[in-house]
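Inspection log for the structure reproduced underneath, given as structure tokens.
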Amino acid sequence: MIHRLSRATELESNSGFPLNHRTLAWTCANSTSPETGMLPDMSTAEGQRKPTVLMTGLNGYLAGRTAELVLLKGYRIRGTVRNKLAGQKVKAALCRLGHSADDIDVVHIPDICQPDAFDAAADGCCAILHLAAPIADIWTLPPPEIVRVAVESTVNILRAATKTAHTMSGVVLVSSSAALFDIPWENRMYTEADWNANSEEIVRRETDKAGGFHGYLASKTAAEKIFWKFRDDHRPSFGMTTLQPSYFIGPPLIPWKTAADIPYSNSDFWKVVSGEEPPGPMMIYSDTIDIRDVARMLLWSAMNPEDADGQRFICSSAVGGGQAIADILRKRMPCLNVRVGQPGEGYSPDYKPQKDIGGFDSSKAVSVTGEDWIPYQESVLDLARYMQRYLSE
99 MIHRLSRATE LESNSGFPLN HRTLAWTCAN STSPETGMLP DMSTAEGQRK PTVLMTGLNG
159 YLAGRTAELV LLKGYRIRGT VRNKLAGQKV KAALCRLGHS ADDIDVVHIP DICQPDAFDA
219 AADGCCAILH LAAPIADIWT LPPPEIVRVA VESTVNILRA ATKTAHTMSG VVLVSSSAAL
279 FDIPWENRMY TEADWNANSE EIVRRETDKA GGFHGYLASK TAAEKIFWKF RDDHRPSFGM
339 TTLQPSYFIG PPLIPWKTAA DIPYSNSDFW KVVSGEEPPG PMMIYSDTID IRDVARMLLW
399 SAMNPEDADG QRFICSSAVG GGQAIADILR KRMPCLNVRV GQPGEGYSPD YKPQKDIGGF
459 DSSKAVSVTG EDWIPYQESV LDLARYMQRY LSE
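Take the sequence shown: its letters are residues 99 to 491, numbered as in this note's numbering.
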């Protein structure tokens with residue numbers, strides 16, 4: 099079943115932020131396999147010119163591992179960044195892993211809201227993975243501005259895709275589990291059929307007073323709505339897919355400069371590793387997914403448009419939290435100065451959602467790919483080992 103918006107919506111009315119939109123034409127993509135309609139796995143294709151995958155936001159936490167996987171599968175990666183130096187650091191890290199510099203392009207795009215921002219970068223690409231989002235700005239920019247940037251950049255990447263539709267197989271948008279639930283949270287299991295229905299209205303009504311949290315929820319919801327609206331209106335020849343990941347966990351490709359640079363999604367994790375009292379359970383924040391799993395789902399969706407087109411896929415592997423992390427690390431990494439806290443409290447022994455709290459049902463992604471998520475304990479241990487380097491600061 100294709101899970102999209104249940105009713106038609108206008109480009110302006112859903113986000114509240116007008117867009118300059120025009121009808122675009124395209125031709126059928128010819129970059130897929132004629133037998134299966136899939137992008138081929140190029141890792142075993144010798145003597146062939148490598149096709150290029152465009153990824154926005156190359157310097158992000160998720161992006162590094164995604165770029166690594168794209169290269170391992172035999173594709174070239176073309177990544178966009180707002181900061182040139184940050185992009186070069188990612189390229190250098192990938193080269194240190196043995197990848198050729200010739201297979202890695204870094205494209206500087208200072209303003210992703212310009213209508214033609216991605217046109218040159220997308221030209222000739224076989225797939226687009228749209229990761230760029232104003233996450234770092236949610237506590238500094240006014241919420242309406244956060245929504246505007248998310249929506250306009252999403253439309254711009256789709257415009258760019260249509261201009262190179264003859265080579266384009268699929269476009270995959272990283273949305274968020276934030277696009278699935280309202281505030282306040284309901285104690286139930288959320289599926290791909292669910293949508294956040296109140297954050298956009300709160301941002302429209304309260305503007306700057308809505309706060310960064312609603313700004314984030316509204317931006318993710320509005321961007322995904324415009325994505326599906328575009329598909330409904332234009333029926334492009336390439337596949338269109340969205341992912342709804344929960345909070346990220348797992349080792350990054352690029353080391354954070356200092357502990358202060360650890361992203362918000364890993365702040366509770368760092369508190370435990372650094373010897374602070376384990377934070378208590380928090381709804382939403384305890385639901386996690388390994389970035390390596392999200393990278394896998396991104397590439398799978400791009401490589402399998404016949405199965406992924408029109409689909410939403412929740413990516414959420416476990417419900418842990420501060421106490422679960424502490425219990426794992428005290429048992430498996432006793433060298434760390436992890437506090438005891440309240441062992442066993444606030445989570446299920448199998449790290450699954452508890453019925454009285456609810457969570458996200460990601461069984462659809464597991465079923466369609468035939469591959470389960472990385473075990474929670476493995477993700478915890480891998481990230482903790484990575485964070486050890488910051489304990490000497």
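We put the CB at the ideal spot given by N, CA and C, even for glycine.
Keep in mind that this is a model prediction, so the values were computed, not measured.
Would you give the residue range spanned by the beta strand (DSSP E) that residue i belongs to?
i: lysine 338; result: Residue identity differs from the one stated: residue 338 is methionine in this sequence, not lysine. Segment 337-343, the beta strand (DSSP E) holding methionine 338.
i: glycine 373; result: Glycine 373 -> no beta strand (DSSP E), and no H or E assigned at all.
i: isoleucine 226; result: 225-228
i: glycine 268; result: 268-272
i: methionine 153; result: 150-154
i: arginine 176; result: 174-179
i: arginine 410; result: 410-413
For the putative contact between residue i and residue j, defined by C-beta atoms under 8 Å, what is the C-beta separation to the nearest angstrom?
i: valine 417; j: serine 365; result: That pair is no contact at about 17 Å.
i: valine 466; j: aspartate 388; result: With 8 Å as the limit, valine 466 and aspartate 388 do not qualify as a contact, their Cβ atoms being about 18 Å apart.
i: glutamate 245; j: glycine 313; result: The displayed chain sequence assigns valine, not glutamate, to residue 245. Their Cβ separation, rounded to whole angstroms, is 7 Å, which keeps valine 245 and glycine 313 in contact under 8 Å.
i: serine 363; j: tyrosine 345; result: 5 Å
i: tyrosine 445; j: proline 379; result: 7 Å
i: valine 523; j: proline 334; result: A query on residue 523 cannot be resolved here, the shown segment of the chain reaching from 99 to 491 and no further.
i: asparagine 157; j: isoleucine 210; result: Their Cβ separation, rounded to whole angstroms, is 13 Å, which puts asparagine 157 and isoleucine 210 out of contact at 8 Å.
i: proline 403; j: glycine 468; result: Not really, about 17 Å apart at Cβ, beyond 8 Å.
Is the beta carbon of residue i sitting closer than 8 Å to the one on residue j?
i: alanine 219; j: leucine 152; result: yes
i: threonine 339; j: aspartate 407; result: yes
i: methionine 463; j: glycine 268; result: Residue identity differs from the one stated: residue 463 is alanine in this sequence, not methionine. No. Outside cutoff.
i: threonine 356; j: tyrosine 488; result: yes
i: valine 301; j: proline 349; result: no
i: leucine 315; j: alanine 291; result: no
i: threonine 178; j: phenylalanine 216; result: yes
i: aspartate 459; j: threonine 289; result: yes
i: isoleucine 207; j: isoleucine 175; result: no
i: valine 188; j: isoleucine 352; result: yes
i: arginine 49; j: leucine 227; result: What is shown of the chain runs 99 to 491, which leaves residue 49 out entirely.
i: alanine 424; j: valine 436; result: yes
i: threonine 319; j: tryptophan 283; result: no
Could you tell me the distance, in whole angstroms, from the CA atom of residue i to the CA atom of residue j?
i: methionine 431; j: histidine 264; result: 52 Å
i: alanine 258; j: proline 149; result: 17 Å
i: valine 478; j: leucine 396; result: 22 Å
i: glycine 456; j: serine 198; result: 45 Å
i: glutamine 475; j: arginine 303; result: 42 Å
i: serine 415; j: leucine 160; result: 16 Å
i: threonine 238; j: glycine 310; result: 8 Å
i: lysine 171; j: glutamate 299; result: 42 Å
i: isoleucine 426; j: aspartate 391; result: 20 Å
i: lysine 261; j: aspartate 470; result: 36 Å
i: alanine 481; j: asparagine 296; result: With the sequence shown as reference, residue 481 is identified as leucine, and alanine is not the correct amino acid for it. Whole-angstrom Cα-Cα distance: 34 Å.
i: alanine 190; j: alanine 234; result: 23 Å
i: cysteine 193; j: leucine 169; result: 11 Å
i: alanine 225; j: glutamine 452; result: 38 Å
i: glutamate 491; j: tyrosine 484; result: 14 Å
i: isoleucine 472; j: cysteine 413; result: 11 Å
i: glycine 185; j: glycine 155; result: 9 Å
i: arginine 147; j: leucine 195; result: 21 Å
i: lysine 182; j: leucine 256; result: 23 Å
i: lysine 307; j: isoleucine 236; result: 13 Å
i: lysine 450; j: aspartate 280; result: 21 Å
i: alanine 321; j: methionine 287; result: 23 Å
i: aspartate 221; j: aspartate 214; result: 12 Å
i: glutamine 486; j: histidine 332; result: 49 Å
i: aspartate 200; j: cysteine 223; result: 15 Å
i: phenylalanine 411; j: leucine 341; result: 5 Å
i: glycine 419; j: leucine 434; result: 18 Å
i: tyrosine 173; j: arginine 180; result: 23 Å
i: leucine 278; j: serine 461; result: 15 Å
How far does the alpha helix (DSSP H) with residue i in it reach, from first residue to last?
i: glycine 420; result: 420-430
i: alanine 309; result: Before going further, note that residue 309 is glycine rather than alanine in the sequence given. Segment 309-332, the alpha helix (DSSP H) holding glycine 309.
i: valine 392; result: 389-401
i: isoleucine 300; result: 297-304
i: valine 478; result: 474-485
i: cysteine 433; result: Segment: none, cysteine 433 is in no alpha helix (DSSP H) and carries neither H nor E.
i: aspartate 203; result: Where aspartate 203 is concerned, there is no enclosing alpha helix (DSSP H), although the beta strand (DSSP E) it sits in stretches over 202-206.
i: leucine 167; result: 159-170
i: threonine 467; result: 461-467
i: cysteine 193; result: 182-194
i: threonine 265; result: It is not in any alpha helix (DSSP H) - threonine 265 carries neither H nor E in the DSSP assignment.
i: aspartate 217; result: 217-220
Check whether the stretch 315-330 touches the stretch 439-448, counting contact only when three or more Cβ pairs, one atom from each stretch, lie closer than 8 Å.
no
Can you confirm whether the stretch 359-379 touches the stretch 240-254 when touching is taken to mean that 3 or more C-beta pairs between the two stretches lie within less than 8 Å?
no
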